[in-house]
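First up is the structure itself, then whatever we jot down about it.
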Amino acid sequence: MLDHDFVKVAAVISASGQDNFGKQLDAVITDIAVFDMSCIFAFRFNAEPHLIHDGYSKTVSRKALSSYMRGGYLLDPFYVACISGHETGLWRMGELAPDSFFNSDFVISHDIHPCVSSEAGVLIEEIGFVVPLGEDVSATYSLMRNQGKLPFSTIEISKLQAAEPFIRAALQAHWKMVRPAGFTPVATSANDIETMFLSVFKDQLTSTQRNVARMILRGHSNASIANILNITEGTAKLHRSNIYKRLSISSQTELFQLFINYLSHH
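Each number in the working numbering comes from the position in the sequence shown (counting from 1) with 58 added on.
Here it is as C-alpha cells:
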C-alpha cells in the first residue's frame with residue numbers, strides 16, 4: 059500500500075460518524091475501480107431505508123429518489139438480499155435479480171429508480187457490497203457505471219472483494235455512531251409480506267395473490283414464481299390472470315403503474 063493510500067484510509071476512519079464518511083470511502087475505492095455514482099443504504103424489514111451516503115450525480119432526479127425511498131426500494135434486488143439474510147460480500151446486481159428483472163418496468167422507470175442496471179436504463183452496471191450492521195439491519199454500498207462505459211472487469215471485482223473486510227468494518231463502525239434512534243429491529247417471520255404490498259392491494263387480493271403480485275413486480279417470471287411457491291407454471295399463470303382481473307388491469311405494466319400511483323399519493 060502506498061503512503062497516499064494510508065492517508066485516505068485514515069480519512070475514512072476520521073470521518074466515522076460524520077456527513078463526509080461516504081465521500082471519504084469513495085475516495086479509497088476509486089483507487090481500486092473507477093465508478094460514476096455511489097450510494098449507501100441501510101435496510102431493515104418493513105421500514106423505510108436510511109440513506110447513509112448520497113453519491114448520486116446531479117443527473118439523478120430527486121423526485122425519483124424520493125419515490126424510491128417511499129417504497130420503490132421494495133423492488134430492488136439489493137433490498138431483498140439485505141432483508142433475506144443474503145451472504146455478505148460483493149455482488150453484481152445481475153447475480154441477485156430475479157430471472158425477468160431486467161425486462162421489468164422497474165428497470166426502465168425514471169419515476170422510481172432513475173439509475174438501474176439495464177441497457178434500457180442509464181447504467182451499464184451496478185454492483186454492491188452487502189454488509190450486516192447488526193440487529194437485523196444490513197447495508198448496501200453500491201457502485202455504478204453509466205452507459206457508454208464497460209462493466210466492472212473480473213480483475214476489478216477481485217480487487218474490490220479483497221477490500222471487502224475494510225469496507226465492512228468501516229461501515230459497521232460508522233453505523234454505530236449514526237444509527238437513527240427509531241431504526242430498531244422488527245420481529246419477522248418467513249410468512250411476512252412487506253407492509254407496502256399489503257397496503258397497495260388491501261381488500262383487493264388474497265394473501266397468496268398479494269405474494270404473487272409482489273414477485274411479479276420484482277421481476278419474477280411465471281416459471282420462477284412456480285419454483286418458489288412449489289406450484290405448476292400453469293397455476294402461477296392463473297394467479298397472474300386472476301390478479302389482473304381483480305385489479306381491472308390487463309398487463310404487468312399496469313400493475314406497476316398502480317404501485318407507482320400508490321407511492322405518489324402516500
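Positions of the beta carbon are idealized from the N, C-alpha and C atoms, including for glycine. Note that the structure is a prediction, hence the values are computed from the model and not measured.
Legend entry - Backbone CA spacing between K217 and I98 [nearest angstrom]: The residue labelled residue 217 in the question sits at position 159 within the sequence shown. The residue labelled residue 98 in the question sits at position 40 within the sequence shown. Between K217 and I98, the C-alpha separation is close to 20 Å.
Legend entry - Residue range of the alpha helix (DSSP H) that includes F224: On the sequence shown, residue 224 is found 166 positions in, with the first residue counted as 1. Taken as a continuous stretch (DSSP letters only), the alpha helix (DSSP H) holding F224 covers E222 to V236.
Inset, instruction - Give the secondary structure of I301 by DSSP, where H, G and I count as helix, E and B as strand, and everything else as coil. - result: Position 243 of the sequence shown, counted from the start, is the residue given in the question as residue 301. In the structure shown, I301 sits in a helix (DSSP, three-state: H, G or I).
Inset, instruction - Go ahead and pull the three-state DSSP assignment for V92. - result: For this step, residue 92 is matched to residue 34 along the sequence shown. In this structure, V92 counts as coil in the three-state DSSP scheme.
Inset, instruction - Measure from the alpha carbon of R268 to the alpha carbon of each residue in R298, E291, A284 and S279, then state which is nearest. - result: The residue you call residue 268 lines up with position 210 of the sequence shown. Measuring from the Cα of R268, the nearest candidate turns out to be R298.
Legend entry - N- and C-terminal bounds of the beta strand (DSSP E) containing P190: Counting from 1 along the sequence shown, the entry for residue 190 is found at position 132. L181 to G192 is the span of the beta strand (DSSP E), which, as asked, contains P190.
Legend entry - Touching by the beta-carbon criterion (3+ pairs, under 8 Å), the region 91 to 110 and the region 194 to 211: yes
Inset, instruction - Give the secondary structure of N78 by DSSP, where H, G and I count as helix, E and B as strand, and everything else as coil. - result: Numbered from 1 along the sequence shown, position 20 holds the residue referred to as residue 78. Three-state DSSP puts N78 in coil, outside helix and strand.
Inset, instruction - Look up Y320 in the DSSP assignment and say whether it is helix, strand or coil. - result: Taking the first residue of the sequence shown as position 1, residue 320 is located at position 262. Helix.
Inset, instruction - Could you check what DSSP says for D261 in three-state terms: helix, strand or coil? - result: Residue mapping note: residue 261 aligns to position 203 of the sequence shown, counting from 1. If DSSP states are grouped into helix, strand and coil, D261 belongs with coil.
Inset, instruction - Determine, using beta-carbon pairs with one atom in the region 259 to 274 and one in the region 286 to 301, whether at least three such pairs fall under 8 Å. - result: yes
Legend entry - Residue nearest to E193 in terms of C-alpha spacing, selected from Y320, A85 and F103: As a working mapping, residue 193 is identified with position 135 in the sequence shown. It is F103.
Legend entry - Pairwise C-alpha distance: A100 and H108: Here residue 108 refers to the residue found at position 50 of the sequence shown. Here residue 100 refers to the residue found at position 42 of the sequence shown. Computed Cα separation, rounded: 5 Å.
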